[in-house]
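For reference, the structure is listed below as structure tokens.
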Amino acid sequence: MRFILAFVLVFPFLINAQNQYPQDYFGNPLDIPLILSGTFAELRSNHFHSGLDIKTQQRVGLNVKAIADGYVSRIKISAYGYGKALYITHPNGYTSVYAHLQKFAPEIEAYVKKHQYKKESYEIEMFPGAETLPVKKGNLVAYSGNSGGSGGPHLHFEIRDNAQRPINPMLFGIDIADSTMPFVKSIYAYPLDENSFVNNSNKKQKLRLIPIESGDYVIKNVNAIGNIGFGIETNDRQNLAANSNGVYNIQTFVNGNKNFELDFKRFSFTETKHINQLIDYEHYVTKKERVQKLYKKNNPLSIFKSVINDGVIKIEDSTYLVYKIRVADFKNNETWVTLNLKGSKNNITTPIQTKTTPYFIKADQAVNLKEGKISVDFYQDTFYEDFYLDFEVNSDTLKLHEDVIAAKKNFNITYDISNYKEADKSKLYIARLLGYNKFSSYTYTQRRGNILTASTKTLGTFALATDTIKPTITPVNFKDGQWLSKYRYLKIKIDDEGSGVSNYRATINGKWILMERDNYKDKTITFDFNDGIVTDTKNILKIIVTDNVGNNSTFESLFYRK
Numbered sequence: 051m052r053f054i055l056a057f058v059l060v061f062p063f064l065i066n067a068q069n070q071y072p073q074d075y076f077g078n079p080l081d082i083p084l085i086l087s088g089t090f091a092e093l094r095s096n097h098f099h100s101g102l103d104i105k106t107q108q109r110v111g112l113n114v115k116a117i118a119d120g121y122v123s124r125i126k127i128s129a130y131g132y133g134k135a136l137y138i139t140h141p142n143g144y145t146s147v148y149a150h151l152q153k154f155a156p157e158i159e160a161y162v163k164k165h166q167y168k169k170e171s172y173e174i175e176m177f178p179g180a181e182t183l184p185v186k187k188g189n190l191v192a193y194s195g196n197s198g199g200s201g202g203p204h205l206h207f208e209i210r211d212n213a214q215r216p217i218n219p220m221l222f223g224i225d226i227a228d229s230t231m232p233f234v235k236s237i238y239a240y241p242l243d244e245n246s247f248v249n250n251s252n253k254k255q256k257l258r259l260i261p262i263e264s265g266d267y268v269i270k271n272v273n274a275i276g277n278i279g280f281g282i283e284t285n286d287r288q289n290l291a292a293n294s295n296g297v298y299n300i301q302t303f304v305n306g307n308k309n310f311e312l313d314f315k316r317f318s319f320t321e322t323k324h325i326n327q328l329i330d331y332e333h334y335v336t337k338k339e340r341v342q343k344l345y346k347k348n349n350p351l352s353i354f355k356s357v358i359n360d361g362v363i364k365i366e367d368s369t370y371l372v373y374k375i376r377v378a379d380f381k382n383n384e385t386w387v388t389l390n391l392k393g394s395k396n397n398i399t400t401p402i403q404t405k406t407t408p409y410f411i412k413a414d415q416a417v418n419l420k421e422g423k424i425s426v427d428f429y430q431d432t433f434y435e436d437f438y439l440d441f442e443v444n445s446d447t448l449k450l451h452e453d454v455i456a457a458k459k460n461f462n463i464t465y466d467i468s469n470y471k472e473a474d475k476s477k478l479y480i481a482r483l484l485g486y487n488k489f490s491s492y493t494y495t496q497r498r499g500n501i502l503t504a505s506t507k508t509l510g511t512f513a514l515a516t517d518t519i520k521p522t523i524t525p526v527n528f529k530d531g532q533w534l535s536k537y538r539y540l541k542i543k544i545d546d547e548g549s550g551v552s553n554y555r556a557t558i559n560g561k562w563i564l565m566e567r568d569n570y571k572d573k574t575i576t577f578d579f580n581d582g583i584v585t586d587t588k589n590i591l592k593i594i595v596t597d598n599v600g601n602n603s604t605f606e607s608l609f610y611r612k
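Counting from 51, one number per residue, gives the positions in the sequence shown under this note's numbering.
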């Protein structure tokens, strides 16, 4: 019976899901079995994951291959984000992306280093023409690594369309073994206005999931009235991996009729920020659990499909509804949750009283708030919805609500520092205070005369901070005056306790050298003697490191090399 019902409900989905993408065009980017640590479009902090994270057996240096003929159309290197990333444009209009690389194939590596030395910068972005670095399907193009913002060795792999929108690579025949049903961790019900209640409460309710033999779940005896939305915390696992990854599709049905769908096939980078409106943002900030709303509220995401009444369920007194949630992975393994809803006005409690403040923020209006020497500018459509804001200034500390409201775009915080001594002004920056001990986190700050401005999307408590401490520079694998004839690398650790490292510059005998900052987390910069810069026996290494308020340190060391 379960199979028949599931087939009836899902049949339209199967018809609409016919694959329009080429199946035999692309090969695999690695020679090893493809096992994932991250799936396409899974929920990440402030964004959807734009590709597949492929495990590399906890190693770096695996051969990364072009998945089809084409040419290297973009190369970007950064200590953050994708780290070392390579983009290949293919004749069929798609682009493949390979990120967190250790290094590039020899011809590409030589091309990159030539331009890094010319620009005198480790971080670089280039757009080679179609004739510069052509590749064939199966060619070695790079080696897997752990660069940028990576948390461990893996290959981040993407396929994008001609508008640079990422698409699930599995739609192109990139096969991942998966016979495991998605699992559901929790279901929440949301009364959406003051006249709506769930189990006699106007507050969000966590509902009791009852597992059944099939692997599905039921939720019994939910009494509700009014406009109700639901939310789900769900994940998937593939074969041979224990990672909790994202799901592929979520649908909901009311009395057998589909009324909502989240389809994670493709998205654009311009919309990925709206993930914070898709999830219950306050719940995530306070509990670190990502609950996806199964209703659409002021959210322009393109992944919404088949939405009726914004996915909101209107429940009237003395009615009975069967609400079903279908969660599926790419291989169509599915898990169902069935909720039995009864419309009831009995024993409802008083609606929650909204906390009011003198500052009511209307999302569709620009607002300027000012007290003393601190001001805040919210632009039109900074937020998704209206709310009462906590705004309080105490000396140089600004309380700007709590980080429980998702912002759609940045707002500006401005400090007038004219009352500070001239010698101190250059060392000031705007910091966001975090945690019980109010640890200060640098917020990118610009200064124009006596005005400091920080741009951010995060509410919270802010304050002026002072950084007068210079960065530290520490040699890792050598000492002053040492012979380094048999060394391949020079390694230096750079760090800054206050505002953080902004930039660094290294020379040997006055010539700029490329010191790679492979992954910002380990704070190590590395020079490769194979670059061929060092030709003298006696050499002076000089490194200058500057933090975000302009404090700088200089390190010099003598070494010898034959």
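No residue lacks a Cβ here, since even glycine has one placed at the ideal position from N, Cα and C.
- Counting every other CB atom within 10 Å of its CB across the protein chains shown gives TRP386 a total of 16 or more, marking it as buried.
- In the three-state DSSP reduction, HIS204 falls in the strand class (E or B).
- Straight across, the Cα-Cα distance linking THR145 with PHE76 is about 11 Å.
- Here ASP545 is not near LYS571, since their CB atoms are 8 Å or more apart.
- Your pair PRO232 and ASN383 checks out as a contact, with CB atoms roughly 7 Å apart and the cut at 8 Å.
- Comparing alpha carbon positions, the residue from SER87, THR320, ASP474, TYR331 closest to GLU283 is TYR331.
- Cβ contact annotation for GLN327 (same chain, cutoff 6 Å, sequence separation greater than five): ASN349, TYR434, ALA456, in chain order.
- Here LEU93 is near ILE325, since their CB atoms are less than 8 Å apart.
- Short of 6 Å from the beta carbon of TRP533, and not among the five residues preceding or following it, lie these beta carbons of its own chain, in chain order: TYR610.
- Distance from the CA atom of LYS308 to the CA atom of TYR240, rounded to whole angstroms, is 19 Å.
- Per DSSP, LEU351 has no beta bridge partner at all.
- Shortest Cα-Cα distance from THR557 to any of PRO156, TYR167, THR399, LYS423 involves TYR167.
- Relative to the Cα of ILE158, the nearest Cα in the group MET176, ASP313, GLY143 belongs to MET176.
- Short of 6 Å from the beta carbon of GLN496, and not among the five residues preceding or following it, lie these beta carbons of its own chain, in chain order: THR503.
- DSSP places ASP474 in the uninterrupted alpha helix (DSSP H) bounded by 472-475.
- In the displayed model, GLY393 falls within a strand according to three-state DSSP.
- DSSP places ASN326 in the uninterrupted alpha helix (DSSP H) bounded by 325-328.
- Beta-bridge partners assigned by DSSP to ALA116: none are found.
- Using a C-beta cut-off of 8 Å, the stretch 558-567 makes no contact with the stretch 518-534, since fewer than three inter-stretch Cβ pairs fall below that distance.
- As the crow flies, the alpha-carbon of LEU478 is around 41 Å from that of SER123.
- The Cβ atoms of LEU86 and ALA291 sit closer than 8 Å to each other.
- When the Cα atoms are used, ILE523 and LYS126 turn out to be separated by approximately 26 Å.
- A direct Cα-to-Cα measurement between SER603 and ARG555 gives close to 11 Å.
- Rounded to whole angstroms, the gap between the alpha carbons of ASN293 and VAL272 is 32 Å.
- Relative to SER468, the option among ASN500, SER490, ALA192, ALA515 whose CA is nearest is ASN500.
- Contact annotation: HIS204 and HIS140 have beta-carbon atoms that are not nearer than 8 Å.
- Around GLY422, the same chain offers VAL443 as residues with beta carbons nearer than 6 Å, after the five sequence neighbours per side are excluded.
- The C-beta distance from GLY198 to GLY131 rounds to 5 Å, short enough to meet the 8 Å contact threshold.
- With a cut-off of 8 Å on Cβ pairs, the stretch 249-267 is not in contact with the stretch 403-421, counting fewer than three such pairs.
- Fully enclosed beta strand (DSSP E) runs of no fewer than 3 residues occupy 574-578, 588-597 of the stretch 570-600, in order along the chain.
- Closest in alpha carbon position to SER229, among GLU173, ASN289, ASN218, SER264, is ASN289.
- Where ILE158 is concerned, there is no enclosing beta strand (DSSP E), although the alpha helix (DSSP H) around it starts and stops at 156-169.
- Between ILE363 and LEU371 the beta-carbon gap is near 7 Å, inside 8 Å, which marks them as a contact.
- Inclusion of ILE519 and GLY548 in the CB contact set at 8 Å is warranted, their separation being smaller than that value.
- Between GLY296 and ASP286 a beta carbon distance of about 7 Å is seen, short of the 8 Å cut, so the two are scored as contacting.
- Residues TYR172, THR576 of the same chain have their beta carbon placed closer than 6 Å to that of GLU566, with the five preceding and five following residues left out of the count.
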